[in-house]
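Quick note on numbering: this note's numbering labels position 315 of the sequence shown as 350, and the sequence is numbered without any gaps.
C-beta atoms are modelled at their ideal positions from N, C-alpha and C, and glycine is treated no differently.
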Amino acid sequence: MLNRINRSFLVASLGGALLCSAGAAADALTAAIVSGKASGDIRIRYEDVSSGSNDSDGITIRTRLGYTTASYEGFSATVEFEDVRDMFGIDDEKGFIPDNEVTELDQGFLQYKGDKFTAKLGRQVIAIDGHRHVGHVGWRQDRQTFDAARVTMMPLDKLTVDLSYIYRRNGINGSGLDIPNAAFQTVNLAYAMPAGKLVGYSYLISQEGGIDETDTYGVSFSGKTKGDIPFLYAVEYATQENVTKNVDTDYTFVELGVTVSGVTGKLGYEVLGSDTNGGVTENFSTPLATVHKFQGWADQFLGGSVTGTINGGNGVEDKYLSVTTKWSGIKWLAVYHDYDADQGSADLGDELNLLAAKKFAKNYSAGLKYADYNAGDSGTGTDTEKLWFWLGMKF
């Protein structure tokens, strides 16, 4: 009789403990959900484009509202919505401004974060190594995101491994550039050294949504010296097999710089190389990159960088000089580009870029940006001027 009572008491105690434990876990999960952090990002921008005989201008407002839960057993979730609207009725002259009105889920992912290990599944921002091959195109009001599984980890001291499988691209400018059936794979290995960072990578792009199938493999190294006058250096080389067109191209990048009294000057050389096979000429392509960041803000080579058709596929060689500093709390930047074809002798023009941007009161920003492209040989480009002014707020 006593044994039965003891067993009954034990079972009841265990059941009660499990219920209490389950209740505590549910309470902890609820607490993680409700004690998360809301976020907001608003940017109002005026853009004016003059390209040949075509003029466009527009004022748009981009709003992002998001929420990230607190961590529960290493897990958290993020959801973020994005909306782009025209302002003040200035929308009938936007032909050259890719900021269409749209409301969409910008991010929505589940994350697990452990010791030197992070995994994300769902719609997310992916930007790798300065956006040259994979980026979020955040300059446009509707930025690029990816539906993907991504893992970043440090299996060894100073070694970072970044792996992604992308199954959908959510492009800029509404749904027109989305790729719903993607199969893109990214591998990026970065090793920190005293002299800089050594990176090896591969980006495998499937043939979807008008994009060629390409396999890209490359290596880069960047760093700077110590001392009162630091020198900066960066080199990169990549090869690309265009499986669709059966051409092989390469990418070369060299940049040297120095900082003196708060002023940084850089000299750069970047080439999207070209190849011809069987009557087909294509250049090195970067369809997932933040292309606006490279080869001038006038975006003369943006489309060809995505599709491999710059100047008929003959590629582009960009020699540039940049000077940047910070004065009175304002970032000042000037860049001069000189463009030539990689294959052939065509002069592809030159370009001046100017920027003044300031962050103030912690959560606010403003900026003015200008691009002036002068075409080279006949048929290789169109004289283009672009001007932007923006105000931003984050919380």
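Kindly indicate the opening and closing residues of the beta strand (DSSP E) around residue i.
{"i": "S85", "result": "K72 to S86"}
{"i": "V282", "result": "V282 to V295"}
{"i": "H372", "result": "I365 to D375"}
{"i": "T138", "result": "V137 to G149"}
{"i": "G384", "result": "D382 to F395"}
{"i": "F123", "result": "No beta strand (DSSP E) contains F123, which DSSP labels as neither H nor E."}
{"i": "R185", "result": "T180 to L191"}
{"i": "K421", "result": "T419 to K429"}
{"i": "A162", "result": "Note, A162: premise wrong, no beta strand (DSSP E); not H, not E."}
{"i": "Q176", "result": "That residue, Q176, is in no beta strand (DSSP E); it is neither H nor E in DSSP."}
{"i": "Y355", "result": "V351 to W362"}
{"i": "D310", "result": "S309 to N312"}
{"i": "Y102", "result": "N89 to T103"}
{"i": "A324", "result": "That residue, A324, is in no beta strand (DSSP E); it is neither H nor E in DSSP."}
{"i": "Q330", "result": "From DSSP, Q330 is part of no beta strand (DSSP E); its letter is neither H nor E."}
{"i": "V169", "result": "Here V169 belongs to no beta strand (DSSP E), and DSSP marks it neither H nor E."}
{"i": "A230", "result": "Note, A230: premise wrong, no beta strand (DSSP E); not H, not E."}
{"i": "L194", "result": "L194 to N205"}
{"i": "V254", "result": "T249 to K259"}
{"i": "S400", "result": "Y399 to N409"}
{"i": "E276", "result": "F266 to N277"}
At the level of alpha carbons, what is the spacing between residue i and residue j?
{"i": "K151", "j": "M189", "result": "5 Å"}
{"i": "I264", "j": "T294", "result": "6 Å"}
{"i": "S237", "j": "S199", "result": "11 Å"}
{"i": "Y147", "j": "S88", "result": "52 Å"}
{"i": "V278", "j": "G338", "result": "20 Å"}
{"i": "E243", "j": "F181", "result": "14 Å"}
{"i": "D92", "j": "F110", "result": "44 Å"}
{"i": "N216", "j": "D177", "result": "20 Å"}
{"i": "V326", "j": "G411", "result": "21 Å"}
{"i": "L233", "j": "G303", "result": "19 Å"}
{"i": "R97", "j": "D118", "result": "6 Å"}
{"i": "L45", "j": "T153", "result": "With a pLDDT of only 48 at L45, under the threshold of 50, the placement of this residue in the model should not be trusted, and no figure is reported."}
{"i": "L389", "j": "S296", "result": "21 Å"}
{"i": "V458", "j": "V306", "result": "Residue 458 lies beyond the range of the chain shown here (36 to 430); nothing can be said about it."}
{"i": "T284", "j": "Y355", "result": "22 Å"}
{"i": "K155", "j": "R185", "result": "5 Å"}
{"i": "T415", "j": "A66", "result": "60 Å"}
{"i": "V289", "j": "G235", "result": "16 Å"}
{"i": "L387", "j": "E248", "result": "34 Å"}
{"i": "A59", "j": "V172", "result": "43 Å"}
{"i": "S230", "j": "G364", "result": "Correcting the residue type first, residue 230 is Ala in the shown sequence and not Ser. Rounded to the nearest angstrom, the two C-alpha atoms are 30 Å apart."}
{"i": "F329", "j": "A218", "result": "25 Å"}
{"i": "S106", "j": "T287", "result": "42 Å"}
Who are the near neighbours of residue i in its chain, counting only those whose CB is closer than 6 Å to its CB and skipping five residues on each side?
{"i": "K429", "result": "D76 and N398"}
{"i": "A112", "result": "T104 and L145"}
{"i": "S400", "result": "K394 and G427"}
{"i": "T419", "result": "S86, A333 and Y408"}
{"i": "G101", "result": "S74 and E115"}
{"i": "V358", "result": "G300 and A369"}
{"i": "T251", "result": "Y238, A273 and Q275"}
{"i": "T344", "result": "none"}
{"i": "I163", "result": "V169 and N223"}
{"i": "F424", "result": "Y81 and L403"}
{"i": "Y374", "result": "V351, D353, L383 and G384"}
{"i": "T260", "result": "F266"}
{"i": "K366", "result": "A392"}
Would residue i be called buried (16 or more neighbouring beta carbons within 10 Å of its own) or exposed?
{"i": "V298", "result": "exposed"}
{"i": "V69", "result": "exposed"}
{"i": "W362", "result": "exposed"}
{"i": "S413", "result": "exposed"}
{"i": "G245", "result": "exposed"}
{"i": "K421", "result": "buried"}
{"i": "K193", "result": "exposed"}
{"i": "F336", "result": "buried"}
{"i": "S255", "result": "buried"}
{"i": "E108", "result": "exposed"}
{"i": "S320", "result": "buried"}
{"i": "P322", "result": "buried"}
{"i": "G314", "result": "exposed"}
Output the boundary residues of the alpha helix (DSSP H) element that contains residue i.
{"i": "L337", "result": "L337 to T342"}
Counting only the same chain and skipping the five closest in sequence on each side, list residues whose C-beta sits under 7 Å from that of residue i.
{"i": "L37", "result": "Note that L37 scores a pLDDT of 43, beneath 50, so its modelled location is shaky; the value from the coordinates is reported in the next line. The answer is none, since no qualifying residue turns up."}
{"i": "A183", "result": "Q159, I161, S199, Y200, I201 and Y202"}
{"i": "N312", "result": "N281 and V282"}
{"i": "L140", "result": "F116 and R158"}
Spatial neighbours of residue i within its chain, please: C-beta separation below 8 Å, excluding the five flanking residues on both sides.
{"i": "N349", "result": "S309, T316, N318, A376, D377, Q378, G379 and A381"}
Please determine whether the Cβ atom of residue i lies at a distance below 8 Å from any heavy atom of the ligand MN.
{"i": "M122", "result": "As presented, the structure is devoid of all ligands, the ligand MN included, so that no description of it is given."}
Decide if the region 411–430 is in contact with the region 65–81; the criterion is three or more beta carbon pairs, one per stretch, under 8 Å apart. yes
Evaluate the contact criterion for the region 203–219 versus the region 130–144: three or more CB pairs, one atom per stretch, below 8 Å. Three or more beta-carbon pairs drawn from the region 203–219 and the region 130–144 are found closer than 8 Å, and the two stretches are therefore classed as touching.
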